[in-house]
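Asker:
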Amino acid sequence: MTYPFKPKELPYAYDALHPYLSEEILHFHHDKHYVTYVNKLNEIIKNYPNLQNMTLEELLTKCEKIPSEARTSIKNNAGGVYNHELYFDCMNSTDCELPTDKLALAINASFGSIEQFKAELEAAAINQFGSGYAWLILSENRLEIIATPNQDTPIAPTVTPLLCIDVWEHAYYLQYQNRRPDYVKNWFNLINWCYVGARYMSLAKEQ
Ligand code: MN
Numbered sequence: 009m010t011y012p013f014k015p016k017e018l019p020y021a022y023d024a025l026h027p028y029l030s031e032e033i034l035h036f037h038h039d040k041h042y043v044t045y046v047n048k049l050n051e052i053i054k055n056y057p058n059l060q061n062m063t064l065e066e067l068l069t070k071c072e073k074i075p076s077e078a079r080t081s082i083k084n085n086a087g088g089v090y091n092h093e094l095y096f097d098c099m100n101s102t103d104c105e106l107p108t109d110k111l112a113l114a115i116n117a118s119f120g121s122i123e124q125f126k127a128e129l130e131a132a133a134i135n136q137f138g139s140g141y142a143w144l145i146l147s148e149n150r151l152e153i154i155a156t157p158n159q160d161t162p163i164a165p166t167v168t169p170l171l172c173i174d175v176w177e178h179a180y181y182l183q184y185q186n187r188r189p190d191y192v193k194n195w196f197n198l199i200n201w202c203y204v205g206a207r208y209m210s211l212a213k214e215q
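What follows is the structure in structure tokens.
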């Protein structure tokens, strides 16, 4: 997909994440925060015909093609689009509550156990200072957990994000107020491991 970017629909009903995330949060988060990033990105790219055939991923990984005066605003807004789309896509499954198959094996090999993986991702999300995200990424075919500030995204030619949690206050404040740890702990119940597993299978090289 290239300019003009269109907001993706939420891939489930607004009340589908109840009781862990309220319908009200999802309306604000998807319809206002996320859609605003899409609109702002389009407003910027409108002025740069040379960038209008670039995909979101290209805008985030080929910054040498972006005029220097637009680099920061494109990084922030294309990141805001990419990060939110992954965040929403990674949630909601009652069928896929745990990693399975090759992703489960890879998580065990990388972190020791699913429990240890959860503990490390939880710590990264809770300890991210201020706004940002915590991620499970595939970096040169290895699983890693990282955190990033603001709308920075880890996507790079050799790095693909598999899963992320948004820890901006807008992601949880209406329901959890200042209790980010409660939000993070509950979010683990929402991970769509079918989606994350399919993403991993499409990217991981055979060892
Ligand atoms: Mn957000």
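In our numbering, the protein residues as written are 9 to 215. C-beta atoms are modelled at their ideal positions from N, C-alpha and C, and glycine is treated no differently.
Is HIS38 near the ligand MN - that is, is its Cβ less than 7 Å away from at least one heavy atom of it?
Answerer: Stepping through the sequence shown from its first residue, residue 38 is reached at position 30. Because no heavy atom of the ligand MN lies under 7 Å away, the Cβ of HIS38 does not count as near it: no.
Asker: Whole-angstrom Cβ separation of PHE36 and LEU182, contact assumed at under 8 Å?
Answerer: For the purposes of this step, residue 36 is taken as the residue at position 28 of the sequence shown. For the purposes of this step, residue 182 is taken as the residue at position 174 of the sequence shown. PHE36 to LEU182, Cβ: 7 Å. Contact.
Asker: What residues in its chain sit with their C-beta under 8 Å from that of PRO107, if we drop five residues either side in the sequence?
Answerer: Along the sequence shown, one-based indexing puts residue 107 at 99. ILE115, ILE122, TRP201, VAL204, GLY205, listed in sequence order.
Asker: For ILE163 and PRO27, what's the separation of their Cα atoms in angstroms?
Answerer: Translated into positions along the sequence shown, residue 163 becomes position 155. Translated into positions along the sequence shown, residue 27 becomes position 19. For ILE163 and PRO27, the distance between alpha carbons rounds to 31 Å.
Asker: Identify the continuous beta strand (DSSP E) that holds LEU171 and give its terminal residues.
Answerer: Taking the first residue of the sequence shown as position 1, residue 171 is located at position 163. LEU171 -> beta strand (DSSP E) spans 167–174.
Asker: Just list the residues that DSSP pairs TYR28 with in beta bridges.
Answerer: Here residue 28 is taken as the residue at index 20 of the sequence shown, counted from 1. None; TYR28 has no bridge partner.
Asker: Out of PHE125, TYR180, SER147, ASP103, point me to the one whose CA is closest to SER139's CA.
Answerer: The residue you call residue 139 lines up with position 131 of the sequence shown. Among PHE125, TYR180, SER147, ASP103, the Cα nearest to that of SER139 belongs to TYR180.
Asker: Across which residues does DSSP place THR156 in a beta bridge pair?
Answerer: The residue you call residue 156 lines up with position 148 of the sequence shown. Paired residue(s): TYR141.
Asker: Determine the extent of the alpha helix (DSSP H) in which HIS92 is found, giving its start and end residues.
Answerer: Reading the sequence shown from its first residue, position 84 is the one you call residue 92. Per DSSP, HIS92 belongs to the alpha helix (DSSP H) from 76–97.
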